[in-house]
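I have placed the structure first, in the form of structure tokens, so that the comments after it can refer back to it.
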Ligand code: AMP
Ligand code: FE
Ligand code: FE
Ligand code: ZN
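In structure tokens form, the structure reads like this:
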């Protein structure tokens, strides 16, 4: 059983529709796929139909953007939560709205130095999708400023760039509480991905665990080897689930479906713990 619990569609910053994503999972020999778009569950319905068509099991999920008091970015995966839960919906709606204003402000700043306007960006955003820096990167590629998203992120779009603007996102402790209240299973995504920015202090892990965190995504290409030993110890000491995933974004990143996998035992525990919706199979 090949189980990949982290993938994006064009409902956020992946480049394929949910249907195309499920077809790609089938072609890659993935038996179970989680759809985890940033701050949105709008792809669940289409993904469900495609999963049934292709004979791939679907774990409905989401990746919630969070920010600590110190301003450190945290991504929290949620599996099997109730997509209609009011508390969780309110927070992700706030984030999604703030992302839009933030992207517009980044484009205003970029337009001073590059041939870019807001319309160029929206062309790369599917209707209703969660807007992010990857869409601005796509517009920079189309304008011939950079070769690909990675080059855009390497300098122009990094969090240290003068064009960077941050946006509202819930504290990770609040996000964990909201996911649990919605019947979901919260798993800390790529927790030690230091190349993306600062990594949280040990205290934040403990605060999230106290709030009800259930797992750590350890087998992810962005977690350096040193950090994984710390995570394995933390998982063992706190009886946390350990997952492995690709974080596939279609053509938007070099990550390939199934490049890291989760065990069937862990999937069974996620399925038993998640009460907000069911695995589609
Ligand atoms: P945002 O959430 O708008 O701040 O943008 C961050 C998103 O950009 C993350 O979810 C990643 O999926 C994506 N990203 C980060 N680094 C890269 C990269 N080097 N190439 C492509 N996408 C990236
Ligand atoms: Fe992404
Ligand atoms: Fe992430
Ligand atoms: Zn992701």
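Numbering (this note's numbering), first residue to last: 288 to 568.
In this text, a Cβ means the ideal position worked out from N, Cα and C, and glycines have one as well.
On a predicted model such as this, the values are computed, not experimentally measured, just so you know.
Residue i Cβ short of 7 angstroms to ligand 3 heavy atom set
{"i": "residue 477", "result": "yes"}
{"i": "residue 368", "result": "no"}
{"i": "residue 434", "result": "no"}
{"i": "residue 573", "result": "What is shown of the chain runs 288 to 568, which leaves residue 573 out entirely."}
Any non-hydrogen atom of ligand 2 closer than 7 angstroms to residue i Cβ
{"i": "residue 299", "result": "yes"}
{"i": "residue 411", "result": "no"}
Distance between residue j and residue i (C-alpha atoms, nearest Å)
{"i": "residue 500", "j": "residue 418", "result": "27 angstroms"}
{"i": "residue 601", "j": "residue 562", "result": "Shown here, the chain extends from 288 to 568; a query on residue 601 therefore has no answer."}
{"i": "residue 358", "j": "residue 335", "result": "35 angstroms"}
{"i": "residue 378", "j": "residue 440", "result": "26 angstroms"}
{"i": "residue 535", "j": "residue 318", "result": "15 angstroms"}
{"i": "residue 515", "j": "residue 475", "result": "13 angstroms"}
{"i": "residue 522", "j": "residue 529", "result": "7 angstroms"}
{"i": "residue 537", "j": "residue 387", "result": "22 angstroms"}
{"i": "residue 448", "j": "residue 393", "result": "10 angstroms"}
{"i": "residue 495", "j": "residue 356", "result": "13 angstroms"}
{"i": "residue 323", "j": "residue 504", "result": "13 angstroms"}
{"i": "residue 337", "j": "residue 559", "result": "24 angstroms"}
Sub-8 angstroms separation of residue i and residue j beta-carbons
{"i": "residue 473", "j": "residue 486", "result": "no"}
{"i": "residue 345", "j": "residue 376", "result": "no"}
{"i": "residue 401", "j": "residue 430", "result": "yes"}
{"i": "residue 390", "j": "residue 423", "result": "yes"}
{"i": "residue 292", "j": "residue 567", "result": "no"}
One or two residues paired with residue i in a DSSP bridge
{"i": "residue 567", "result": "345"}
{"i": "residue 332", "result": "DSSP output for residue 332 lists no bridge partner at all."}
{"i": "residue 504", "result": "530"}
{"i": "residue 319", "result": "290, 344"}
{"i": "residue 553", "result": "The partner list for residue 553 (beta bridge, DSSP) is empty, contrary to what the question assumes."}
{"i": "residue 363", "result": "351, 475"}
{"i": "residue 325", "result": "350"}
Cβ-based burial, residue i [other Cβ within 10 Å; buried from 16]
{"i": "residue 328", "result": "buried"}
{"i": "residue 543", "result": "exposed"}
{"i": "residue 305", "result": "buried"}
{"i": "residue 410", "result": "exposed"}
{"i": "residue 425", "result": "buried"}
{"i": "residue 380", "result": "exposed"}
{"i": "residue 349", "result": "buried"}
{"i": "residue 490", "result": "exposed"}
{"i": "residue 540", "result": "buried"}
{"i": "residue 502", "result": "buried"}
Cβ-heavy atom distance, residue i to ligand 1, below 7 angstroms
{"i": "residue 421", "result": "yes"}
{"i": "residue 348", "result": "no"}
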